[in-house]
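Structure first, commentary second.
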Amino acid sequence: MKAPRFKYARPGTLSEAFGLLSDFGEEARILAGGQSLMPTLNMRLSQPEIVIDINRLDELKGISDEGDHIRIGALTRHVEVLESSIVTDKLPLIAEAIPHVAHVAVRNRGTFGGSVALADPAAEMPACALALQGTFVVEGPNGRREIAADDFFHSLYETARAPDEILVEARLPVAQPGEVFAFMELARRKGDFAQAGVACKAVISGDVIESGRLVYFGSELKPTLGAGAMAALEGKSWSDDLAETVAAALDDDLDPMENLHGSAAMKLHLQKVLTKRTLSAAVEKARAV
Amino acid sequence: MADEKIDIALTVNGENVTATVPARMHLVDFLRTELELTGSHLGCEHGICGACSVRVDGVVVRGCLMLAAQCDGSNVVTIEGLSDSEEVADLQDRFVERNAMQCGFCTPGMLMTAAELLAKNDELPREQIREFMSGNFCRCTGYHAIIDAIETTMKDRKAGGAR
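Chains X and P, in that order, are what the protein sequence lines are.
Each residue of the first sequence is one higher than the one before, starting from 342 at the first, in this note's numbering.
Each residue of the second sequence is one higher than the one before, starting from 11 at the first, in this note's numbering.
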């Protein structure tokens, strides 16, 4: 189908963008990479009065090493994250996950910030940011504020960003010695949205998992911490029995949505399988250090 | 500037183009209906199939997922321009030899994506070629012939030196 009629504006500065956002309120949509917004426009699932194209706001672009954290500008495209040596060296979880994000033509346009701000429940980057306990910076007419990833994702496509605010950057903590990371997802075709997936950060000594942070995506309304699973593995030695115990805890942690990609029961099963594989991979990585 | 009609000036296949486009018009509708460059095909029109792949500012993109208005100032290359430049003449020969198309609907998109693969890599395992091409659907060939054609081109280029 063809997109509905709308106005188009391409602000040259953030303040100009805030002016447009306050003028049009809920009737405005921010166009970043457009790899999710454009399909919804073409299918007329979204009928905004105005599309505000922020692609020329260069201040929102780029990846930089800030010491204890890496700054990823909201308009940084997935391909730049994929090819970034800073990401490879300092953010191993992102480096492992980013090849799963879409296909080449979509990665050439789609942005890190767009993925976070949209909060598609099957998207990889929101889950990774939550696993890393990153921080998002949003800016509005009243200035900037920082929002912890833990507080950012509210529900299906709902976040803590106010309608008159723009996500400007993500700050992701640099991997520390002793931390290991693992990422897995299942999709019908590599690069498609995940049916189930898990992002994991853990501290492992020998076979003992001192702590682990497990974030699930693809099955829930939003990226979701497996709190019970995390409690079940803390301080325990890795074994097949522990794997079963941790996986069983997901019965209470998760409440999968049924959709075209599978039933709730199937998704819960897949998340359990992925949990065992992901933790096993994390333990292997810790042994290899 | 907030309008339903947008003035744009861009380069398409090396030629300067100026136009006034509806804000809602995506790039491939602009190319096909305004410039009569009908080599870029519209399959799904929501970014799944890859038939509309074109090159914008040096990288392959989904032409249905960019507004024409966004391409103001951009350098756009379509399959027509790519063919004329002979950048992928060898790949096109391999497509014909290997019968890597049947109806041909996906072929322009396949070539646009493969052009980027070949420009970025001189040696890749077959699995990675498949993965790179996985965003482009073909409903006829079953893909093997397409991957064969790309793989052969890559090997030929490496054996024959830089093009």
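By construction, the Cβ of each residue, glycine as well, lies at the ideal position given by its N, Cα and C atoms.
Note to self: For residue 91 (chain P) and residue 24 (chain P), what's the separation of their Cα atoms in angstroms?
What the structure shows: 8 Å
Next item on the list: With DSSP collapsed to three states, give me the class of residue 630 (chain X).
Entry: Three-state result, residue 630 (chain X): coil.
Next item on the list: Could you spell out the range, first to last residue, of the beta strand (DSSP E) harbouring residue 115 (chain P)?
Entry: It is not in any beta strand (DSSP E) - residue 115 (chain P) carries neither H nor E in the DSSP assignment.
Note to self: Between the alpha carbons of residue 18 (chain P) and residue 28 (chain P), how many angstroms are there, rounded?
What the structure shows: 6 Å
Note to self: Quick check: is the beta carbon of residue 173 (chain P) nearer than 7 Å to any beta carbon in chain X?
What the structure shows: Reliability of the predicted coordinates at residue 173 (chain P) is poor, the pLDDT of 49 falling under 50, and the value obtained from them is presented with this limitation in mind. So, not an interface residue.
Notebook entry, point to check: If you compare alpha carbons, which of X:401, X:405, X:431 and X:404 is closest to residue 517 (chain X)?
Noted result: Selected option, being the one with the closest Cα: X:431.
Margin query: Between the alpha carbons of residue 442 (chain X) and residue 376 (chain X), how many angstroms are there, rounded?
Written below: 12 Å
Checklist line | Cβ contact check for the segment 42 to 60 of chain P and the segment 600 to 617 of chain X: 3 or more pairs under 8 Å | finding: no
Check: Name the DSSP beta bridge partners of residue 508 (chain X), please?
Finding: X:479
Check: In angstroms, rounded to a whole number, what distance separates the CA positions of residue 501 (chain X) and residue 97 (chain P)?
Finding: A straight-line Cα-Cα distance of about 47 Å links residue 501 (chain X) and residue 97 (chain P).
Next item on the list: Would you list, in chain order, the members of the segment 504 to 519 of chain X that have their beta-carbon closer than 9 Å to a beta-carbon of chain P?
Entry: none
Next item on the list: Taking C-beta pairs closer than 8 Å, name the residues in chain X that residue 81 (chain P) reaches, listed in chain order.
Entry: In chain order: nothing, as chain X lies at least about 11 Å away.
Next item on the list: Compare the C-alpha of residue 496 (chain X) against each of X:620, X:462, X:386 and X:552 and name the closest.
Entry: When each option's Cα is compared against that of residue 496 (chain X), the closest is X:462.
Check: Does DSSP put residue 461 (chain X) in a helix, a strand or coil?
Finding: coil
Note to self: Quick check on this structure: which residue in X:581, X:525 and X:392 has the alpha carbon closest to the alpha carbon of residue 440 (chain X)?
What the structure shows: X:525
Notebook entry, point to check: Would DSSP call residue 402 (chain X) helix, strand or coil?
Noted result: Coil, per DSSP.
Check: Where do the N-terminal and C-terminal ends of the beta strand (DSSP E) with residue 550 (chain X) fall, by residue?
Finding: 549 to 558
Item checked: Complete beta strand (DSSP E) runs within the segment 353 to 424 of chain X (minimum length 3 residues, chain order) -> 369 to 372, 391 to 394, 404 to 406 and 410 to 414
Item checked: Contacts around residue 113 (chain P), its chain only, beta-carbon distance under 6 Å, and the 5 residues preceding and following it disregarded -> 150
Note to self: For residue 118 (chain P), count the other beta carbons within 10 Å of its own beta carbon; 16 or more makes it buried, fewer makes it exposed. Which is it?
What the structure shows: buried
Item checked: Backbone secondary structure at residue 28 (chain P) - three-state DSSP -> strand
Check: Distance, Cα to Cα, residue 343 (chain X) vs residue 103 (chain P)?
Finding: When only Cα atoms are considered, residue 343 (chain X) and residue 103 (chain P) end up about 35 Å apart.
Item checked: Stretch-stretch touch, CB-based, cutoff 8 Å, three pairs: the segment 448 to 466 of chain X with the segment 412 to 420 of chain X -> yes
Note to self: Taking its Cβ as the centre, do 16 or more other Cβ atoms sit within 10 Å of residue 173 (chain P), making it buried, or is it exposed?
What the structure shows: Residue confidence is low: residue 173 (chain P) scores 49 on pLDDT, short of 50, so the model does not pin down where it sits. Its coordinate-derived value is still stated next. Classification of residue 173 (chain P): exposed, given that the 10 Å Cβ count is below 16.
Note to self: Rounded to whole angstroms, what is the Cα-Cα separation between residue 428 (chain X) and residue 490 (chain X)?
What the structure shows: If you take the alpha carbons of residue 428 (chain X) and residue 490 (chain X), they lie about 18 Å apart.
Item checked: Beta-carbon neighbours of residue 482 (chain X), restricted to chain P and to distances below 9 Å -> Correct list: empty, because the minimum Cβ distance to chain P is about 17 Å.
Note to self: Helix, strand or coil, according to DSSP, for residue 38 (chain P) in the structure here?
What the structure shows: helix
Margin query: Three Cβ pairs or more, each shorter than 8 Å: is that satisfied between the segment 29 to 41 of chain P and the segment 562 to 574 of chain X?
Written below: no
Check: Considering residue 154 (chain P), what are the terminal residues of the alpha helix (DSSP H) in which it resides?
Finding: From DSSP, the alpha helix (DSSP H) with residue 154 (chain P) extends over 154 to 170.
Checklist line | Contacts of residue 373 (chain X) in chain P (Cβ-Cβ under 7 Å) | finding: Neighbours of residue 373 (chain X) on chain P: none; closest Cβ ~11 Å, over 7 Å.
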